[in-house]
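Going by this note's numbering, the sequence shown opens with residue 18, and the numbers climb by one from there.
Everything on this sheet refers to the single structure shown next.
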Amino acid sequence: MKIVVTTFPFPNEHLLKLRNDFIDIDIVFPETKEQILKEIVDADGVVSMALKQDQIEAGKQLKWIQSLTAGVDAYPLEYIEQRNITLTTGRGIHKIHMTEYAIAMMIMAARRLDTMILNQQKTHWDSHIPQNEIHGKKLGIIGLGSIGQGIAEMATILGMEVYGIKHTPTEIEGVKKVFDMSGMDFIAQNCDYIIALLPHTQETEKIIDERFFNLMDKDAVFINMGRGKTVNQEHLTQALKDRQFRLCISDVFETEPLPENDPLWELDNIIITPHICGPVVDYMAKAYTIVKNNLDNFVKDKSLNNIYSFRKGY
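Shown next as structure tokens:
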């Protein structure tokens with residue numbers, strides 16, 4: 018059995034340990050596109066951050082692809098489904114550091130730390146900036162997967178009242194009420210903080226739009242940590258211009274990098290981060306456990322974890 022592992026742009030030092038864990042398997046670590054094309058020819062599985070269709074086409078006996086990311090936008094999904102290759106995701110890698118991003122951004126918004134940083138740059142002392150707390154506030158999480166549940170758990174500990182959206186509603190500890198997608202209006206109308214964590218599918222394309230923003234409270238904060246294309250960016254821009262809600266914090270956008278001439282750059286009620294809430298310095302250390310467990314299952318012909326559903330789109 019042969020497994021190809023490519024971790025670019027991250028170093029592969031953590032996943033090199035797989036060779037000691039599976040001494041009977043040929044595990045190779047190509048470092049260039051040319052090497053990937055060469056090694057994938059007789060590979061049974063691939064572990065990667067992304068793959069192009071020509072690379073998968075070269076792997077005539079591929080049975081399994083393990084993505085090192087939770088989202089799989091960087092893969093030719095139609096072709097993978099056509100080949101009947103099992104695709105598994107890195108769901109669970111991001112839970113802790115994305116939870117911390119969400120909590121940090123909510124506290125920053127409550128204490129208006131962004132305003133204070135700007136004031137510092139202008140050597141302006143203003144001790145009258147309104148200070149608030151997230152304790153006792155209502156949080157709506159649109160997308161209660163692994164990351165959403167992590168945020169819900171921490172937010173509950175900090176005294177927030179949590180509501181959420183899940184494709185198939187189930188009871189989740191720390192969440193007062195779990196809705197299906199029909200609960201979007203409730204979230205928009207009732208929550209002080211709204212965090213979007215949706216995958217990009219046909220169903221979720223631009224699902225957060227003008228109607229949603231118009232239902233939000235004037236003091237509400239909207240945070241997008243999921244996929245940029247789940248938000249109608251034109252409607253978001255207009256809602257911010259109209260001061261429909263207080264603040265947007267977005268890590269993802271329809272087009273990335275966000276073009277220099279995009280009007281969002283000019284607005285003072287949005288905080289833009291460059292799709293950084295997912296990566297973290299010890300990313301591959303986190304990925305190692307997921308890859309090791311799935312490779313062990315693959316070798317033993319057991320059911321794999323985090324199998325991607327082509328029907329659902331996640």
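C-beta atoms are modelled at their ideal positions from N, C-alpha and C, and glycine is treated no differently.
As the structure is a computational prediction, the values presented were derived from the model and not from experiment.
Provide the residue span of the beta strand (DSSP E) that contains S326, from first to last.
Neither: S326 is in no beta strand (DSSP E) and is coded neither H nor E.
Spell out a yes or no on whether the segment 48-63 and the segment 18-32 are touching, meaning 3 or more CB-CB pairs, one atom from each, closer than 8 Å.
The segment 48-63 is in contact with the segment 18-32.
What would DSSP say about W81, mapped onto helix, strand or coil?
Strand at W81.
If you reduce the DSSP assignment to three classes, tell me which class T173 lands in.
T173 falls in the helix class under three-state DSSP.
Give the DSSP-derived three-state secondary structure of I189 in the structure shown.
Reduced to three states, the DSSP call for I189 is coil.
Could you tell me if H111 is buried or exposed, where buried requires 16 or more neighbouring beta carbons within 10 angstroms of its beta carbon?
The residue in question, H111, is buried, as its Cβ has 16 or more Cβ neighbours within 10 Å.
Near E170, what residues of its chain come up, given a Cβ to Cβ distance below 6 Å and the 5 sequence neighbours on each side ignored?
Answer for E170: G191, listed in chain order.
Taking the Cβ atom as the reference point for each residue, do A205 and T247 lie within a distance shorter than 9 Å?
It is not a contact, given that the beta carbons lie outside the stated cut-off.
Once the 5 residues before and after L175 are set aside, which same chain residues still bring their CB inside 8 Å of it?
Within the same chain, L175 has close Cβ partners I120, I151 and H152.
Take the Cβ of E273 as the centre, count every other Cβ of all protein chains shown within 10 Å, and call the residue buried at 16 or more, exposed below.
Under this definition E273 is an exposed residue.
Return the Cβ separation of T86 and M115 in integer angstroms, given the expectation that the two are a contact with Cβ distance under 8 Å.
Not confirmed; about 12 Å, so no contact.
What alpha helix (DSSP H) runs, 4 residues minimum, are completely inside the segment 118-159?
If we require 4 residues or more, the alpha helix (DSSP H) runs fully inside the segment 118-159 come out as 130-138.
Only counting runs of 4 or more residues, tell me where the alpha helix (DSSP H) segments fall wholly within the segment 197-281, in order along the chain.
Qualifying alpha helix (DSSP H) stretches, in chain order: 201-207, 227-232 and 250-258.
Put G167 into one of helix, strand or coil per three-state DSSP.
Reduced to three states, the DSSP call for G167 is helix.
Tell me, which residues are paired with V89 by DSSP?
V89 pairs with nothing; no bridge assigned.
So, helix, strand or coil for E56, using DSSP?
Three-state result, E56: helix.
In whole angstroms, what separates the C-alpha of Q255 from that of D131?
The straight-line gap from Cα to Cα measures roughly 22 Å.
T173 to F270, Cα distance in whole Å?
Near 28 Å, if we compare the C-alpha coordinates of F270 and T173.
Within 10 Å of its beta-carbon, does H217 have 16 or more other beta-carbons around it, so buried, or fewer, so exposed?
With 16 or more other Cβ atoms within 10 Å, it is buried.
Looking only at its chain, what residues have a beta carbon closer than 8 Å to the beta carbon of E95, apart from the 5 residues adjacent to it on each side?
Once the five neighbours on either side are set aside, E95 has no close Cβ partner at all.
Report the rounded CA-to-CA distance for H31 versus D38, giving the unit in angstroms.
So the two alpha carbons sit approximately 12 Å from each other.
Per DSSP, what kind of secondary structure is L35 in: helix, strand or coil?
Of the three classes helix, strand and coil, the one that applies to L35 here is helix, per DSSP.
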